[in-house]
Amino acid sequence: MKKLTVFMILFILASLFLLSTTSFAQKFTIDKKIELDQLPQLKTYEEVILFQSSRNGNVDIYAYLLNKESKPVMTHVASKFIQLTDDQYVDSSPCLSPDGSQIAYVSERNGSYQVIVMNADGSNPIILTEGNYPVWSPDGEKLAFADTDSGSLRRVNKDGSNLYVYLSFSGNSYIKDLSWSLNGQKIAFEGFNASNSGQIWTINAENDASSTKLTEEATFDPAWSPDSSKIAFVKNVSGNKEIFIMDADGTNQLRLTNNPSDDLDPCWTEDNRIVFSSDRTGSGDLYIMDSNGSNQTRLTQNSGFDRSPDWGKISFKN
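In structure tokens form, the structure reads like this:
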């Protein structure tokens with residue numbers, strides 16, 4: 105009788121464990137949009153490159169997992185990628201919050217661009233405001249973005265409150281490609297109008313309308329270095345686009361890439377390397393290089409286009 109009782113207790117406990125495990129699996133898959141077999145990776149890897157990709161037909165947001173030394177874990181292996189958005193809209197321009205818990209991005213919906221903030225695992229997307237090219241303030245409390253309809257540069261609290269307009273370009277002008285310096289002092293952006301190509305500008309990040317134009321030639325995609333002393337950017341050279349760096353005041357331009365293809369979207373890693381996108385192999389893939397242009401290494405390979413990388417340390421909260 106005792107043996108039977110023990111057997112029944114063990115059977116009941118095993119059944120409860122199985123039910124709880126099944127319930128957890130269903131909830132995790134629905135809420136997190138991440139496969140369960142990736143869960144050990146989320147506990148192992150913190151550093152990621154966020155990017156947009158058309159690899160599955162639609163443009164969505166993805167995360168590329170890296171190891172703790174900020175080296176690619178494994179190139180060309182799909183299990184190291186996590187798809188964070190999966191809808192009928194074009195989702196682009198991801199930007200990771202400084203604490204790694206949230207991602208701001210742009211979604212083109214019903215003919216307009218919407219700035220959306222979601223959790224780092226892709227859950228709970230919330231429309232914040234109309235706009236494009238969102239970037240976080242270094243303290244994670246604000247977002248700067250471009251209003252492409254009015255040609256203005258704006259700022260808003262992360263909950264959508266307290267909208268502030270830095271400046272507006274007159275006429276048929278646009279602002280795009282924002283980057284907020286990590287010291288919190290400046291926002292770099294591309295400003296252009298229909299009569300000329302874009303140039304790189306900076307503006308004081310506090311409530312100050314003063315702006316400074318750093319370049320005269322066709323330049324775009326500015327990205328601040330970790331110490332806020334340099335800006336990586338893209339420049340048109342003989343019909344194709346190459347990556348350069350310059351000092352924060354626009355001086356001492358140094359060319360980093362040199363090939364017949366287009367090299368775009370530079371972003372810095374914490375250890376002063378640069379991630380960028382390139383179509384040098386026929387498709388748009390992500391690469392990484394040292395800040396002097398050496399050791400250019402391919403990170404992704406697919407038939408679609410991988411663009412707009414953003415490096416950071418991500419925090420997946422289970």
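Each residue of the sequence shown is one higher than the one before, starting from 105 at the first, in the working numbering.
Ideal Cβ positions, reconstructed from N, Cα and C, are used throughout, including at glycine.
- Per the coordinates, the alpha-carbon of isoleucine 347 lies some 23 Å from the alpha-carbon of alanine 250.
- Per DSSP, reduced to three states, the secondary structure at lysine 184 is helical.
- Valine 260: member of the beta strand (DSSP E) spanning 256 to 261, first to last residue.
- Using a 10 angstroms sphere on the CB of isoleucine 304, the tally of other CB atoms reaches 16 or more, which defines it as buried.
- Check the Cα spacing between lysine 290 and each of Asn276, Ile307, Thr404: the tightest is with Ile307.
- Between the stretch 312 to 331 and the stretch 347 to 357 there are three or more C-beta pairs closer than 8 Å, enough to call the two in contact.
- The way I'd put it, the stretch 320 to 329 doesn't touch the stretch 236 to 255; fewer than three beta-carbon pairs between them come closer than 8 Å.
- Closest in C-alpha terms to isoleucine 231, from the list Val210, Pro370, Val341, Gly161, comes Val210.
- Where glutamate 212 is concerned, the enclosing beta strand (DSSP E) starts and stops at 206 to 213.
- Linking serine 197 to aspartate 164 through their CA atoms gives a straight-line distance of about 10 Å.
- Under the DSSP assignment, glycine 295 falls in the beta strand (DSSP E) whose first and last residues are 290 to 297.
- One Cα belongs to serine 254, the other to asparagine 214, and the distance between them is close to 18 Å.
- Going by C-alpha positions, arginine 259 is about 22 Å away from tryptophan 415.
- In this structure, asparagine 406 places its C-beta atom within 8 Å of the C-beta atom of serine 387.
- Per DSSP, proline 413 is one residue of the beta strand (DSSP E) stretching across 410 to 417.
- Put simply, of Tyr278, Asn297, Arg377, Gly264 the residue whose alpha carbon is nearest the alpha carbon of isoleucine 335 is Arg377.
- Taking C-beta separations shorter than 6 Å and ignoring five residues to either side along the sequence, the partners of glycine 408 in its chain run Ser157, Ser158, Arg159, following chain order.
- A residue is called buried when at least 16 other Cβ atoms come within 10 angstroms of its Cβ; aspartate 366 meets this threshold and is buried.
- Residue environment analysis places glutamine 206 among the buried positions, since at least 16 neighbouring C-beta atoms fall within 10 angstroms of its C-beta.
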